[in-house]
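Q:
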Amino acid sequence: MDDSKILSDLNVSRETFSSLREFIGLLGEWNKKINLVSRNSLNDVWSRHIDDSAQLWYYLPKNPKRCVDLGSGAGFPGLILALLAKEKNPGLTVILVDANRRKCAFLEDASRVLRVNVEVIPERIENLTPLKADILSARALTSTKELLLYLEKHGKQRCRALFLKGKNIKTELREISNLNDYCIEIFPSYLAGGGSILQVEKRKSRD
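Converting from the sequence shown to my numbering requires adding 81 to each position, the first position being numbered 1.
1) Taking 8 Å as the threshold, find out whether the segment 127-143 comes into contact with the segment 192-208 through three or more Cβ pairs.
2) Would you say Y271 and D132 are within 8 Å of each other, going by their C-beta atoms?
3) Can you look up K204 in the DSSP assignment and give me helix, strand or coil?
4) For E103, which of I202, I278, K213 and V194 has the nearest alpha-carbon?
5) Counting only runs that start and end within the segment 238-274, where is the alpha helix (DSSP H) found for 4 or more residues in a row?
6) When you compare each of G275, G152 and D125 to R182 by their alpha carbons, which one comes out closest?
7) Could you pull out every unbroken alpha helix (DSSP H) segment of at least 4 residues lying fully inside the segment 112-183, listed in chain order?
8) Report yes if the CB atom of S122 is closer than 8 Å to the CB atom of L160, and no otherwise.
9) Can you tell me where the alpha helix (DSSP H) holding D84 begins and where it ends?
10) Examine the ligand NAP and report whether any of its heavy atoms sits within less than 7 Å of the Cβ of P203.
11) Does the Cβ of L173 have 16 or more other Cβ atoms within 10 Å, making it buried, or fewer, making it exposed?
12) Please name the residue in N261, T223, G275 and V93 whose C-alpha comes closest to that of N170.
13) Drop a sphere of 10 angstroms on the beta-carbon of D215, count the other beta-carbons inside from all chains shown, and report buried for 16 or more, exposed for fewer.
14) Tell me K226's beta-bridge partners as DSSP assigns them.
15) Are there 16 or more other CB atoms within 10 angstroms of the CB of F244, so buried, or fewer, so exposed?
16) Can you name the residues that DSSP bridges to A214?
17) Around the C-beta of T225, are 16 or more other C-beta atoms found within 10 angstroms, so that it is buried, or is it exposed?
Okay, here's the thing in structure tokens:
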């Protein structure tokens, strides 16, 4: 259905919805050539992908300047956050990181359709120099333990990490020995299915 409850709640413009319809068409065309999302999920793209990404906007800190989205793939959530920032926080720079160059070509094309200024980095995360993020985001990328290593490298001291995770998040957290180094909150996804939003911030230094 051509609808987004979260974007409606955020009161985005008609122009934004129009751009998203173009983007969804582009996603469908590219998905025939490279595996961006499952074909079945395209039947419910507004909920499964658009709203799933847009809900992170509720958890952003005040006036962030630099968002780094890891493993951007089809642009979720980073490209959707960039679109929201275009209206609501034009000072936010969004960086999309993905090692797959064909997916990066899609991200470049999609950013043109959405008319957003993003930086696309076609490189493996572990090979990058620190990206100094205010916000670090990822969706279904890797284990929480690995994501925390990325936060240590690429997040500023007060960086807020927002990770879209599945039902097993508490199991993943039990496998991490240094949880006390972080302020961690788990929020239920706005969508059905039992997913979670993991919010992580580094604890302030006691120096």
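Glycine residues also receive a C-beta, built at the ideal position from the N, C-alpha and C atoms.
A: On the basis of the data shown:
1) no
2) Within the sequence shown, residue 271 is the residue found at index 190, counting from 1. Within the sequence shown, residue 132 is the residue found at index 51, counting from 1. Yes, the pair counts as a contact, with Cβ atoms nearer than the cut-off.
3) To locate residue 204, count along the sequence shown from 1; it is residue 123. First, the amino acid is wrong: residue 204 is Glu here, not Lys. If DSSP states are grouped into helix, strand and coil, E204 belongs with coil.
4) On the sequence shown, position 22 is the one that residue 103 refers to. It is V194 whose Cα lies nearest to the Cα of E103.
5) 250-255
6) Here residue 182 refers to the residue found at position 101 of the sequence shown. Taking only the C-alpha atoms, the option nearest R182 is G152.
7) 159-169
8) Taking the first residue of the sequence shown as position 1, residue 122 is located at position 41. Taking the first residue of the sequence shown as position 1, residue 160 is located at position 79. No, the Cβ-Cβ distance between S122 and L160 is not below 8 Å.
9) The sequence position of residue 84 within the sequence shown is 3, counting from 1. Unbroken run through D84: none, as it is neither H nor E.
10) In the structure on display, the ligand NAP does not appear, and there are no ligands present to speak of.
11) Taking the sequence shown and counting its residues from 1, one reaches residue 173 at position 92. With 16 or more Cβ atoms within 10 Å of its Cβ, L173 is classed as buried.
12) Within the sequence shown, residue 170 is the residue found at index 89, counting from 1. For N170, the nearest C-alpha among the options comes from V93.
13) Locating residue 215 in the sequence shown gives position 134, where the first residue counts as 1. By the 10 Å Cβ count, D215 comes out buried.
14) The sequence position of residue 226 within the sequence shown is 145, counting from 1. Bridge partners of K226: none, in fact.
15) One-based indexing of the sequence shown puts residue 244 at position 163. Buried, by the Cβ-count rule.
16) As a working mapping, residue 214 is identified with position 133 in the sequence shown. DSSP, once it has assigned bridges, lists G236 as partnering A214.
17) As a position in the sequence shown, residue 225 is number 144, starting the count at 1. Flag for T225 reads buried.
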